[in-house]
Amino acid sequence: MNFSNIFKSISNFQFPYTIEETATSETALWQSFDGIRKADSLPVTVFKAKRSPENETLILNAVHKAKILKIPGLCSVLETFDSDPQSTFIVTERVVPFPWENFSSFSKNKFGIELGISQLLTTLGFLNKFVFGTLSKDSIYINSKGEWVLFGLELCSNKDSLSAFEFASKARTYYSLVGSQLPCEEPNTIDSIRLGSLIKDLMSPSTLPKDWIVNVNMISDGRMEIETFRKRLENTETWRSNPLINFYQDLKELHIKDSQGKLAVMSNLENLYLESREIFRNLTPGMTENFIIPELCEIIKLLMTQSAASSASHVAMNFSASHKLVPFLAIVLDLTSETKTFPVGFNDLIAESFKLSDRQVRFLLLIYLPRLVGPLSTSEISSRIYPHFSQGLTDSDATLRLQTLKTIPCIVPCLTERQLNNELLRFLAKTQVDPDVEIRTWTVIIISRISTILSTSVGNRSNILATVFTKSLKDPQVKPRMAALYGLEKSIELFDVNTIANKILTVIAPGLLDKSPTVRDKAKILFEMYLEKLENEAQLIQINDNTGDLEDMKEIDFDNYGCGKEDMNKEDNILAAQFLNNLRLHSPAAALPNGATNCEVDSTWDDNGWDGAGDANGSTINSTMDSFDKQANHIATVSTQKVLGKTVEINKSWNDNLDDNDWMQDETDPWNEPEDHPKPQASILGKKLTPSGKLSIKKKKITILAPRGNRNSSVTTTATATKATRSNKTTRSKLVSSVSSPTANKSGTDSWDDDADADSWNTNW
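Numbering (UniProt numbering), first residue to last: 1 to 765.
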């Protein structure tokens with residue numbers, strides 16, 4: 001219904017309530033709508049009258065009585081609007097019609113039905129000076145606290161000013177409009193008859209208490225007044241044995257009691273609840289959620305405040321009060337988790353309870369925590385609950401550590417990434433080496449359960465799981481080892497094939513040699529599972545890879561690999577040739593300094609020239625000269641020049657006794673320039689000649705100078721002769737002595753000086 005159109009006709013009128021479009025219930029005279037007061041968002045119920053000429057008198061009477069009657073048990077009226085015939089409203093507290101469709105569940109708790117009847121009797125007792133007249137199933141409503149209240153004052157009249165004829169006329173009109181039979185026209189008995197009929201509707205003959213039957217029958221016949229009926233019921237055993245009736249009376253007066261009185265009322269609740277929890281089940285909606293639990297929470301907050309104050313002042317708290325906190329909190333947690341309704345301030349109560357150091361309180365919270373995650377927001381769990389929750393993992397009591405460990409999965413989705421992947425994993429690393437075997441076992445189980453939501457951004461999830469399972473497989477007890485295998489089985493989809501091949505198989509393999517046959521069997525099955533996953537991946541690789549070399553697919557016989565003698569010799573020859581070739585290519589050229597040469601006796605001596613000389617002079621050369629090229633060794637050069645600022649190393653040799661002055665080079669030789677690199681020449685003198693006659697040497701230029709080498713290389717003295725033997729040394733000593741001989745030297749000098757062509761031998765060496 002569009003209520004904005006209703007109030008357009010009222011000038012400058014702003015309806016102070018927001019009303020829903022759909023009616024929650026409807027009778028012949030009223031429509032009820034849920035609404036909210038705009039000022040403070042208070043939930044209300046708006047009754048809109050169906051005014052017509054036939055019922056206008058009844059509607060106006062109901063509105064008038066709603067204004068003046070403020071009796072407990074009637075719907076609490078907040079405001080009425082009756083100035084416009086088209087917009088007559090009665091605004092009350094939020095109420096709902098009695099849920100008769102769910103009456104079968106309510107009837108399971110007979111104490112609850114009896115409590116409702118007692119509430120109706122109390123309301124009618126307050127109306128003892130008035131005639132209600134409309135008592136029926138449709139006139140019963142349930143308020144937010146689960147109390148039974150009455151609405152519908154169309155026939156309500158004061159007995160003192162009541163006209164029987166007028167009342168009868170209104171009653172006939174009302175019951176004709178609602179389609180019900182008028183029980184009687186007598187105003188003094190109509191409420192009694194209607195009450196008896198209502199009790200019979202609420203209780204079947206089988207459930208009606210025996211000590212109530214007589215009284216109910218009498219009031220149904222109109223032979224007993226309501227006040228008398230109420231007093232008789234109060235004296236019955238059924239009434240006195242109903243725990244809810246007495247508790248309800250105390251609970252209504254709780255707000256006017258002191259702290260000790262409140263504690264006494266809640267102690268009564270504790271006893272009732274611990275004796276039989278069924279008493280507080282199947283009550284009318286709102287009784288537990290909005291009446292019992294809020295009052296109990298207030299008592300718990302009071303006790304927590306006293307406990308904190310006593311701890312701060314080091315004053316002992318009252319013994320009874322300190323021991324009531326745990327049972328009261330247990331009742332609240334049980335009722336809220338069962339009804340799934342949480343009063344205002346419940347979240348604060350839970351957060352403050354986690355701060356308490358009492359192990360019983362913390363253990364109790366851990367038991368109910370999985371059922372309390374719903375009303376708690378993610379931010380509240382991560383910021384207010386987790387910091388105190390995690391302390392239980394390091395508590396000295398093993399039972400508390402274990403219970404804390406078991407409740408980790410329920411809060412993990414609410415934790416931040418830092419709390420989950422950093423702080424929590426550190427705690428779990430400690431519990432994995434806990435002295436208690438159950439804690440070690442549960443640690444592996446919990447890690448397996450939360451492994452799917454561990455962060456992979458750092459890429460360490462596989463490493464963490466592999467480390468955890470490896471450590472647990474080394475546990476001396478069987479349970480942790482089996483838990484590790486369980487975790488590996490549950491986590492198989494979290495590992496890629498490379499991780500399985502490189503890490504996981506090596507984790508499972510030790511289990512194949514475990515002492516326990518159960519572990520060995522499980523490890524074998526698990527190993528085959530992971531191996532099968534690798535084989536499946538290998539088949540996919542083979543199918544997808546079509547570029548493979550056919551040569552790589554051939555099978556190789558390694559037993560006979562390269563064992564053929566001919567093949568090995570052939571391969572060795574090839575390798576030797578390649579090695580020598582590499583030496584030739586990569587070996588540096590011999591570096592020769594200026595003034596030095598790799599002196600080598602030229603094997604191309606002109607024998608014919610020497611023969612001619614011998615023939616001319618009738619002399620022959622000693623055969624030792626012919627073999628000199630083969631026997632000479634290390635012909636050195638003496639030089640003290642500096643090349644490029646470096647001192648030339650002097651190597652002593654067999655010709656050191658020769659007169660250097662006779663072998664000095666010409667100073668004008670360009671090789672002696674400082675910027676050049678002089679190359680000392682090696683002498684080939686020293687061979688003893690035995691002429692047959694007068695020695696005559698023809699003009700013959702024999703140049704044995706080595707080609708100029710790299711002038712920038714270091715000055716070295718090398719010999720081209722091979723390794724000298726003892727015979728070489730003997731021959732060399734003979735040559736030295738013959739050269740040193742004065743006679744030979746003199747004759748030699750005279751011969752080379754007298755020769756006409758002697759100048760031709762003054763050659764740059």
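Quick reminder that beta carbons are idealized off the backbone N, C-alpha and C, glycines included.
Scanning the region 110–171 from its first residue to its last, the whole beta strand (DSSP E) runs of 3-plus residues come out as 140–143, 148–150.
Between the region 135–143 and the region 194–202, the count of Cβ pairs shorter than 8 Å is three or higher; the stretches touch.
Rounded to the nearest whole angstrom, the C-alpha separation of residue 544 and residue 536 is 12 Å. In the DSSP annotation of this structure, the continuous segment of the alpha helix (DSSP H) that includes residue 520 starts and ends at 517–544. Contact annotation, residue 482 with residue 518: C-beta distance approximately 7 Å; criterion of less than 8 Å satisfied. With a cut-off of 8 Å on Cβ pairs, the region 159–174 is not in contact with the region 107–127, counting fewer than three such pairs. The region 100–118 makes contact with the region 241–248: 3 or more CB pairs, one atom from each, lie closer than 8 Å. The alpha-carbon separation between residue 530 and residue 448 amounts to approximately 17 Å. Residue 294 is not bridged by DSSP to any residue. Around residue 189, the same chain offers 222 as residues with beta carbons nearer than 8 Å, after the five sequence neighbours per side are excluded. Here residue 557 carries a coil assignment [DSSP, helix/strand/coil]. Non-local beta-carbon contacts of residue 282 in its own chain, meaning distances under 7 Å to residues more than five positions away in sequence, involve 105, 106, 108, 109, 112 in chain order. For residue 63 and residue 56, the gap between their C-alpha atoms comes out near 11 Å. Short of 8 Å from the beta carbon of residue 409, and not among the five residues preceding or following it, lie these beta carbons of its own chain, in chain order: 446, 449, 450.
From the listed residues 432, 499, 463, the smallest Cα separation to residue 474 is found for 432. Between residue 332 and residue 296, the C-beta gap is smaller than 7 Å, which places the two residues in contact. Cβ contact annotation for residue 341 (same chain, cutoff 6 Å, sequence separation greater than five): 289, in chain order. By the neighbour-count criterion, in which 16 or more other beta carbons inside 10 Å mark a residue as buried, residue 496 falls on the exposed side. Just measuring C-alpha positions, the residue of 538, 540, 513 sitting nearest residue 527 is 513.
Taken atom to atom, the span from the alpha-carbon of residue 276 to that of residue 269 is near 11 Å.
In this structure residue 522 is buried. Its beta-carbon is surrounded by 16 or more other beta-carbon atoms within 10 angstroms.
Between the region 410–420 and the region 375–389, the count of Cβ pairs shorter than 8 Å is three or higher; the stretches touch. Taking the Cβ atoms as the reference, residue 285 lies roughly 27 Å from residue 16, outside the contact range of under 8 Å. Nearest C-alpha to residue 163 among 147, 149, 130, 441: 130. Put simply, the backbone Cα of residue 91 is about 32 Å away from that of residue 335.
A Cβ-Cβ contact shorter than 7 Å links residue 144 with residue 94. In the displayed model, residue 77 falls within a strand according to three-state DSSP.
In the structure shown, the three-state DSSP call for residue 71 is coil.
DSSP links residue 47 through a beta bridge to 32, 90.
Counting the other Cβ atoms within 10 Å of the Cβ of residue 484 gives 16 or more, which makes it buried.
Non-local C-beta neighbours of residue 36 in its own chain, meaning closer than 8 Å and more than five positions away in sequence, comprise 17, 18, 42, 43, 44, ordered along the chain.
In this structure, residue 437 lies near residue 477, with their beta-carbon atoms less than 7 Å apart.
Apart from sequence neighbours up to five positions away, the residues of its chain that approach residue 395 with a beta-carbon distance below 6 Å are 401, ordered along the chain. Taking C-alpha positions only, residue 419 is separated from residue 389 by approximately 12 Å. Out of 539, 487, 479, the CA that lies nearest to the CA of residue 516 is found in 479.
The beta carbons of residue 96 and residue 142 sit closer together than 7 Å.
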